[in-house]
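Colleague: Using the UniProt record's numbering, the first residue of the sequence shown is number 1, and each one after it goes up by one. Positions of the beta carbon are idealized from the N, C-alpha and C atoms, including for glycine.
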Amino acid sequence: MSKEKFSIPYPDQSKIDLEVDQIVRAGGVKPHQSYYTYFVHLYKGIGWKYLFTNRRDGILITFSAMFLLIYLFNSMAEAAQTEANSEAAQTEANFYPILFIASPLLYISLSFYDFLHKRHHATYEVEMVTKYNFYQVAAFKMLLFSILAIFVNMVSILFVSVIYEYVHFFKAFLVSTTALFLFSILFLAIIMKKQTGVRASMIILGWSGTNILLNLLPNQAYSHFLLQLPIFVYGLVLTFSLILYFRFLNKLVQIKPAEGV
Numbered sequence: 001m002s003k004e005k006f007s008i009p010y011p012d013q014s015k016i017d018l019e020v021d022q023i024v025r026a027g028g029v030k031p032h033q034s035y036y037t038y039f040v041h042l043y044k045g046i047g048w049k050y051l052f053t054n055r056r057d058g059i060l061i062t063f064s065a066m067f068l069l070i071y072l073f074n075s076m077a078e079a080a081q082t083e084a085n086s087e088a089a090q091t092e093a094n095f096y097p098i099l100f101i102a103s104p105l106l107y108i109s110l111s112f113y114d115f116l117h118k119r120h121h122a123t124y125e126v127e128m129v130t131k132y133n134f135y136q137v138a139a140f141k142m143l144l145f146s147i148l149a150i151f152v153n154m155v156s157i158l159f160v161s162v163i164y165e166y167v168h169f170f171k172a173f174l175v176s177t178t179a180l181f182l183f184s185i186l187f188l189a190i191i192m193k194k195q196t197g198v199r200a201s202m203i204i205l206g207w208s209g210t211n212i213l214l215n216l217l218p219n220q221a222y223s224h225f226l227l228q229l230p231i232f233v234y235g236l237v238l239t240f241s242l243i244l245y246f247r248f249l250n251k252l253v254q255i256k257p258a259e260g261v
């Protein structure tokens with residue numbers, strides 16, 4: 001009896017790729033998502049509707065913070081300019097400490113307000129109608145709060161820079177954004193360990209107190225440090241801060257509800 005040769009028809013590479021793609025699309029394997037893609041999906045799933053625990057309060061806080069920032073920046077700029085025998089460089093140096101300490105104001109206000117009301121009905125509505133848990137929603141909110149704070153700070157600085165020529169918009173905006181993300185990193189890093197109102201308050205008081213103490217250094221050392229630091233150094237610090245910020249957001253997204261306090 002002659003032996004027959006059996007040939008097994010193997011699929012070619014294109015067919016293998018097609019099958020793998022179908023498995024992935026069917027949900028058998030979840031492809032790795034970039035930060036951008038993931039937060040776009042969060043935006044599509046949540047949107048702006050649940051950005052504020054209370055929409056009216058959120059809008060009120062946003063505009064109040066913007067007007068307060070404009071008032072603070074304008075008052076400080078005016079006071080610095082009218083100081084007796086003040087040189088231009090000295091005048092500009094006096095402006096930066098208040099800019100640095102106040103830049104996270106809107107982020108602080110919105111985050112702290114949302115933090116205190118995290119167990120209100122709006123949050124649970126999101127969890128019931130979407131596939132995202134509280135921590136994913138919180139990460140999404142923190143990102144949008146940062147974007148909103150950047151915009152409000154930009155408007156406030158632009159307003160002051162138009163009135164006072166010695167306030168250079170680009171550098172002031174860079175200093176402001178750097179301060180915002182440095183505070184955001186501290187806020188996320190600490191509340192992720194244990195979410196209590198005391199810890200959140202300590203972060204805010206610590207940020208304010210540290211900057212005030214630094215501003216009390218002799219010969220206005222802190223003011224001149226903020227002024228004389230080159231723009232590219234601020235750029236490097238901001239870039240590093242952004243990387244850390246998104247790393248903390250990623251960690252917040254990955255927290256399971258059972259891990260929360």
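1. Go to A251, then tell me how far its alpha helix (DSSP H) extends in each direction, as first and last residue.
2. Touching or not, the stretch 147-156 and the stretch 172-189, by the rule of three or more beta carbon pairs under 8 Å?
3. Do you know how far the Cα of S103 is from the Cα of A65?
4. Below 8 Å CB to CB, which residues in the same chain sit around I163 once its five sequence neighbours on both sides are set aside?
5. Can you give me the Cβ contacts of G28 inside the same chain, cut-off strictly under 7 Å, excluding the 5 residues immediately before and after it?
6. First and last residue of the alpha helix (DSSP H) that includes V175?
7. Please go through the same chain and pick out, in chain order, the residues whose beta-carbon is closer than 6 Å to the beta-carbon of W207, but skip the five residues on each side of it.
8. By the 10 Å Cβ neighbour count, where 16 or more other Cβ atoms means buried, how is S146 classified, buried or exposed?
9. Tell me, please, whether the stretch 98-113 touches the stretch 230-249 by the rule of three or more beta-carbon pairs shorter than 8 Å.
10. According to DSSP, simplified to helix, strand and coil, what is H117?
11. Let me confirm a value: F187 is counted as buried when at least 16 other C-beta atoms fall within 10 Å, else exposed. Which label applies?
12. Terminal residues of the continuous alpha helix (DSSP H) containing L216?
13. To which residues of the same chain is S223 closer than 8 Å at the C-beta, ignoring the five residues directly before and after it?
14. Check this for me: beta carbons of L227 and I157, under 9 Å apart or not?
15. Excluding five sequence neighbours on each side, which residues of the same chain lie with their C-beta closer than 7 Å to the C-beta of K141?
16. Is DSSP giving P97 helix, strand or coil here?
Modeller: Taking the geometry as given:
1. The question names Ala, but residue 251 is Lys in the sequence shown. 231-254 is the extent of the alpha helix (DSSP H) around K251.
2. Contact holds: three or more Cβ-Cβ distances are below 8 Å.
3. Rounded to whole angstroms, A65 to S103 spans 10 Å at the Cα level.
4. Result list for I163: N74, A77, in chain order.
5. Confidence at G28 is low in this model, with a pLDDT of 48, below 50, so its placement is unreliable and the value that follows should be read with caution. Correct list: empty, nothing qualifies.
6. It spans 169-191 - the alpha helix (DSSP H) in which V175 sits, taken as one unbroken run.
7. Only F183 meet the Cβ criterion.
8. That one is buried.
9. With a cut-off of 8 Å, the stretch 230-249 and the stretch 98-113 do not count as touching, because too few Cβ pairs lie within range.
10. Looking at H117 - three-state DSSP - the assignment turns out to be coil, as it is neither helix nor strand.
11. Flag for F187 reads buried.
12. Looking at the DSSP string, L216 is not in any alpha helix (DSSP H), and its letter there is neither H nor E.
13. Answer for S223: A93, N94, Y96, P97, N215, listed in chain order.
14. Contact flag unset, no.
15. Answer for K141: L51, D114, listed in chain order.
16. P97 falls in the helix class under three-state DSSP.
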